[in-house]
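The opening residue of the sequence shown carries number 2 in my numbering; numbering runs sequentially from there.
In what follows, a single structure is set out as structure tokens and then discussed.
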Amino acid sequence: MLQLKSFTFNPFMENTYLLYDETREAVIFDPGCFEKYEQKELSDFIENEELELKMLINTHCHIDHVLGNAFVKRKYGVPLYLHQKEQPVLKSVTSYASNYGFAGYEESHPDYFISETDRIKFGNSSLEIRFVPGHSPGHLVFFHQETGICIAGDTLFQGSIGRTDLPGGDHDTLLNAIRTEMFSLPDTTKVYPGHGPMTNIAFEKEHNPFVGKRARF
Ligand SMILES: [Zn+2]
Ligand SMILES: [Zn+2]
Numbered sequence: 002m003l004q005l006k007s008f009t010f011n012p013f014m015e016n017t018y019l020l021y022d023e024t025r026e027a028v029i030f031d032p033g034c035f036e037k038y039e040q041k042e043l044s045d046f047i048e049n050e051e052l053e054l055k056m057l058i059n060t061h062c063h064i065d066h067v068l069g070n071a072f073v074k075r076k077y078g079v080p081l082y083l084h085q086k087e088q089p090v091l092k093s094v095t096s097y098a099s100n101y102g103f104a105g106y107e108e109s110h111p112d113y114f115i116s117e118t119d120r121i122k123f124g125n126s127s128l129e130i131r132f133v134p135g136h137s138p139g140h141l142v143f144f145h146q147e148t149g150i151c152i153a154g155d156t157l158f159q160g161s162i163g164r165t166d167l168p169g170g171d172h173d174t175l176l177n178a179i180r181t182e183m184f185s186l187p188d189t190t191k192v193y194p195g196h197g198p199m200t201n202i203a204f205e206k207e208h209n210p211f212v213g214k215r216a217r218f
């Protein structure tokens with residue numbers, strides 16, 4: 002059975018997710034841990050649960066989602082996976098990290114590019130990939146059929162959507178991608194976003210003010 006553990010890291014209150022199954026193999030999404038105590042919270046959990054981390058995956062590469070990339074790569078020796086269109090986004094973090102107060106930000110580099118035609122496989126688990134650009138040009142979302150868990154990054158939030166005013170963002174692209182790629186997931190899909198509480202597809206179809214039935218924006 003696939004299990005999910007969430008952490009909330011850094012001043013952006015970014016949600017980092019670990020998925021793991023009965024084999025104890027695990028993947029981590031968007032490690033936002035920057036401070037030592039945040040890194041320890043993550044590594045203590047991995048140690049206590051006796052997990053074997055296999056992959057590091059970025060849904061997209063804004064600073065709040067990649068602050069812990071270098072730490073995770075170094076500590077666990079895992080490869081970094083992301084969409085090719087996020088490579089320049091990741092690269093640019095180096096130039097603005099100190100403006101946001103993250104002096105000492107350590108660069109990381111992708112090992113593999115992934116896209117919606119791939120699957121993420123670890124232990125006995127397999128995740129589908131959806132391409133949901135608009136918040137960021139190469140944003141990916143990950144879906145586990147059997148449990149209905151969806152790692153959504155900054156696409157769809159409870160009652161909101163990702164901002165589109167950052168470089169590479171586009172409002173209409175995001176609305177369209179959510180409607181086609183995320184609203185085609187089962188209504189019961191549990192959406193775990195990059196910020197804030199989880200939600201589900203049925204609720205957002207009904208109530209989301211941007212992409213729901215009675216969208217106002
Ligand atoms: Zn973002
Ligand atoms: Zn974010």
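Glycine included, each C-beta is placed from N, C-alpha and C at the ideal position.
Using a Cβ-Cβ cutoff of less than 6 angstroms, which residues in the same chain neighbour residue i once the five nearest sequence positions on both sides are dropped?
i: Thr-95; result: Glu-108
i: Phe-72; result: Gln-40
i: Cys-34; result: Phe-10, Gln-40, Leu-43, Gly-69
i: Arg-217; result: Pro-210
i: His-172; result: Thr-165
If we call anything under 9 angstroms between Cβ atoms a contact, is residue i one with residue j?
i: Leu-19; j: Phe-8; result: yes
i: Asp-45; j: Tyr-82; result: no
i: Gly-197; j: Met-14; result: yes
i: Ser-137; j: Gly-105; result: no
i: Phe-184; j: Val-212; result: yes
i: Asp-188; j: Phe-123; result: no
i: Leu-3; j: Glu-207; result: no
i: Lys-6; j: Glu-26; result: no
i: Thr-118; j: Val-133; result: no
i: Gly-160; j: Gly-195; result: no
i: Asp-31; j: Val-90; result: no
Confirm the yes/no value for this check: CB of residue i, any heavy atom of ligand 3, distance under 8 angstroms.
i: Leu-167; result: This structure lacks ligand 3; the ligands present are ligand 1 and ligand 2.
For a cutoff of 9 angstroms on Cβ pairs, would you count residue i as touching chain D?
i: Val-133; result: Of the protein chains in this structure there is only one, and it is not chain D.
Looking only at C-alpha atoms, which of the options sits nearest to residue i?
i: Ile-58; options: Phe-114, Leu-43, Thr-24; result: Phe-114
i: Val-79; options: Ile-29, Leu-68, Phe-13, Glu-51; result: Ile-29
i: Lys-191; options: Gly-163, Asn-177, Phe-158; result: Phe-158
i: Ile-52; options: Gly-160, Asn-177, Thr-24; result: The sequence shown places Leu at residue 52, not Ile. Considering only alpha carbons, the answer is Thr-24.
i: Glu-165; options: Asn-49, His-145, His-140; result: For the record, residue 165 in the displayed sequence is Thr; it is not Glu. Nearest C-alpha to Thr-165: His-140.
How far does the beta strand (DSSP E) with residue i in it extend, from its first residue to its last?
i: Glu-53; result: 53-58
For residue i, count neighbouring Cβ atoms within 10 angstroms of its own Cβ and tell me buried if that reaches 16, exposed if not.
i: Glu-182; result: buried
i: Leu-128; result: buried
i: Ser-99; result: exposed
i: Ser-126; result: buried
i: His-110; result: exposed
Between which residues of its own chain and residue i is the CB-CB distance below 8 angstroms, once the five residues before and five after are set aside?
i: Leu-167; result: His-63, His-136, Ser-137
i: Tyr-193; result: Leu-5, Ser-7, Asn-16, Tyr-18, Ile-150, Cys-151, Ile-152, Ala-153, Met-199
Considering just the uninterrupted stretch of the alpha helix (DSSP H) at residue i, what are its terminal residues?
i: Val-67; result: 64-67
i: Ile-130; result: Run containing Ile-130: none in the alpha helix (DSSP H); it sits in the beta strand (DSSP E), 126-132.
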